[in-house]
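Report on the following structure.
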Amino acid sequence: MSYFKLKNGEKLYYEDVGKGKDTLVMLHGWTSSRYIYTEPMSLLKDNARCIIYDQRGHNASKSANKENVTMETLAEDLNELINGLALKNITLLGWSMGAGVVLNYVRMFGCDALKQIVICDMTPKQMNDDSWKLGLYKGNYTKQDRELDEKKRAFYQYKKFVMAAAPSLQKLPRLLCSREILKRLLKCDIKVISSLADSMKDQDNRDVVGKITVPFCYFYPDPGSIFSPELEEWYRKNIKSDFKSVKFPNSTHLLIAEHPKMFADEIEKLLK
7 MSYFKLKNGE
17 KLYYEDVGKG
27 KDTLVMLHGW
37 TSSRYIYTEP
47 MSLLKDNARC
57 IIYDQRGHNA
67 SKSANKENVT
77 METLAEDLNE
87 LINGLALKNI
97 TLLGWSMGAG
107 VVLNYVRMFG
117 CDALKQIVIC
127 DMTPKQMNDD
137 SWKLGLYKGN
147 YTKQDRELDE
157 KKRAFYQYKK
167 FVMAAAPSLQ
177 KLPRLLCSRE
187 ILKRLLKCDI
197 KVISSLADSM
207 KDQDNRDVVG
217 KITVPFCYFY
227 PDPGSIFSPE
237 LEEWYRKNIK
247 SDFKSVKFPN
257 STHLLIAEHP
267 KMFADEIEKL
277 LK
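For the sequence shown, my numbering assigns the number 7 to the initial residue and increments by one for each residue that follows.
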């Protein structure tokens, strides 16, 4: 097992496999883990050096929880990892919360260390209001909804998110569904994921998008689940560097797990 030691002494579990002139760093989503990339990584390792890791409070890095963890914290961790492993020619890919980490990294450290960016199904601003309808739950999550959620236990907030992200779970018997959701939740540190959920909802990274100076690709599902496919058009209009997009048909927020080969094939095209 490999652990990367952060400057504050916390340790993040990571995997470093593959070879090639390019480095692919893939960041998982909220309450997920590096395992989302296991199959794609096995398909990509002959074309690039692949780095995946469990972020603070998640899975094998669950115990990296000794301070208040925000999206900025995760971006600082990413920067330490890039510098500590002396990574070069980096394609930085983030899915869901991982995409939020990418945008925070750009805001805090710029694009000098990067070759290109790939973002998978994530909005730059989760909270919807009168002037923004491309946030969480396809534009149907407001300040009032957040206030109601904050009165509920973490399990119920997480269940709401998972049921929207993976609608197929609604077909399971209620008790079995709840057990599966709880099993996933217990792989995380509740304090950390709660803090990160708040941090994501507090952020507005729309201005960061216009500061991206390297090629940018947006992967998105159709018909989608928690975010609107219309985000693709917004990114297209607001990215000032070279822009590409890839639509994953018959997909939900879990597009990587649903179409691992297509995901790997599209990444391979970008690496060429």
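Idealized CB from N, CA, C, for every residue including glycine.
Would you report the Cα separation of residue i and residue j, rounded to the nearest angstrom?
{"i": "VAL112", "j": "ALA203", "result": "20 Å"}
{"i": "HIS64", "j": "THR37", "result": "6 Å"}
{"i": "ARG159", "j": "LEU192", "result": "14 Å"}
{"i": "THR29", "j": "LEU98", "result": "8 Å"}
{"i": "ILE123", "j": "PRO235", "result": "19 Å"}
{"i": "SER131", "j": "LEU140", "result": "Inspection of the sequence shows that residue 131 is occupied by Lys rather than by Ser. Whole-angstrom Cα-Cα distance: 8 Å."}
{"i": "ASN53", "j": "GLU45", "result": "14 Å"}
{"i": "SER137", "j": "SER8", "result": "45 Å"}
{"i": "GLU274", "j": "PHE254", "result": "16 Å"}
{"i": "SER184", "j": "ALA171", "result": "15 Å"}
{"i": "LEU276", "j": "LEU49", "result": "14 Å"}
{"i": "LEU93", "j": "ASN74", "result": "27 Å"}
{"i": "ILE218", "j": "LYS165", "result": "34 Å"}
In terms of residue numbering, what span does the beta strand (DSSP E) encompassing residue i cover?
{"i": "LYS11", "result": "9-11"}
{"i": "VAL252", "result": "249-257"}
{"i": "GLY15", "result": "Element bounds for GLY15: n/a, residue is neither H nor E."}
{"i": "ASP228", "result": "222-229"}
So, under 8 Å CB-CB, residue i and residue j are touching, yes? Tell me the CB distance rounded to an integer number of Å.
{"i": "ASP271", "j": "ASN71", "result": "About 36 Å; that fails the 8 Å criterion."}
{"i": "GLN61", "j": "SER67", "result": "6 Å"}
{"i": "MET128", "j": "PHE222", "result": "Not a contact, Cβ separation roughly 13 Å."}
{"i": "VAL220", "j": "SER251", "result": "So it is not a contact: roughly 16 Å between Cβ atoms."}
{"i": "LYS95", "j": "LYS25", "result": "Position check: residue 95 holds Asn in this sequence, whereas Lys was assumed. Contact doesn't hold; Cβ gap of about 12 Å is too wide."}
Classify residue i: buried if its beta carbon has 16 or more other beta carbons within 10 angstroms, exposed otherwise.
{"i": "ASN211", "result": "buried"}
{"i": "MET114", "result": "exposed"}
{"i": "SER227", "result": "Going by the sequence as given, residue 227 is Pro instead of Ser. Buried, by the Cβ-count rule."}
{"i": "GLU238", "result": "buried"}
{"i": "GLY216", "result": "exposed"}
{"i": "TYR224", "result": "buried"}
{"i": "GLY230", "result": "buried"}
{"i": "VAL31", "result": "buried"}
{"i": "GLN209", "result": "buried"}
At which residues does the alpha helix (DSSP H) containing residue i begin and terminate?
{"i": "ASN283", "result": "The question about residue 283 has no answer, for the chain in this structure spans 7 to 278."}
{"i": "ASP155", "result": "149-155"}
{"i": "MET206", "result": "196-208"}
Do residue j and residue i come within 8 Å of each other at the CB atom, strictly closer than that value?
{"i": "LEU188", "j": "GLY100", "result": "no"}
{"i": "VAL107", "j": "MET133", "result": "no"}
{"i": "PHE167", "j": "GLY90", "result": "no"}
{"i": "TYR19", "j": "ILE57", "result": "no"}
{"i": "GLY145", "j": "GLY35", "result": "no"}
{"i": "ILE42", "j": "ILE245", "result": "no"}
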